[in-house]
Amino acid sequence: MASTLLSPMVDYYNDEEELDSVDDDDDRSFRGRDSEEDTEDASETDLAKHDDDDYVEIKEQMYQDKLASLKRQLQQLHEGTLQEYQRRMKKLDQQYKERLRNADLFLQLETEQVERNYVKEKKAAVKEFDDKKVELKENLIRWWVGTLPHKLPTWWQRCHPFGPETALN
């Protein structure tokens, strides 16, 4: 059975030349495929180089465009016409005006507070002055009255010819 299975194969390749020619054909077909693959690889490499060149050109163009845009924006900034600059300056100006208004309001508030404190202190000083004046008058009167009885007889005797007894009766 094994010989019958091998026999068709042997019959098919009965000759070594045929076998060698088949091997040569296979080699050629492989070489052909290799050269086709090499050609495809080479063309892919060329495409890759071409794509890389295009990529570099595109990247360079994007860089130049961006550089030109930045230069234009810088020029507009120096001229004061850049929209972003104008927007920020307007915002800063609004903040500045708001701060000035707040500072003015704070100054008015502080001025009013100082004036109210001045009026209060002035009223308190006038009241203290009046109270002190009354106190000094009372103290002077007390002192005068307290010293008067001791000095009255001497004073009275000197001024009245009949003495204190006759003047009191």
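Residue numbers are given in the UniProt record's numbering: position 25 of the sequence shown equals residue 25, and the series is strictly consecutive. All C-beta atoms, glycine included, are put in the ideal place defined by N, C-alpha and C.
Under a three-way DSSP split, which group does T81 fall into? Assigned with DSSP and collapsed to three states, T81 falls in coil, not helix or strand.
If you check the beta carbons only, do Q73 and L67 fall under 8 Å apart? The criterion of a C-beta distance shorter than 8 Å is not satisfied by Q73 and L67.
Presumed contact (8 Å Cβ cut-off) between residue 243 and Y85, rounded CB distance: Absent from the model: residue 243. The displayed extent of the chain is 1 to 169, so no value can be given.
Can you tell me the Cα-Cα spacing of E138 and L105, whole angstroms? Distance between the alpha carbons of E138 and L105 is about 49 Å.
Straight-line gap, D53 to D65 (C-alpha atoms, nearest Å): A straight line joining the alpha-carbon of D53 with that of D65 spans about 18 Å.
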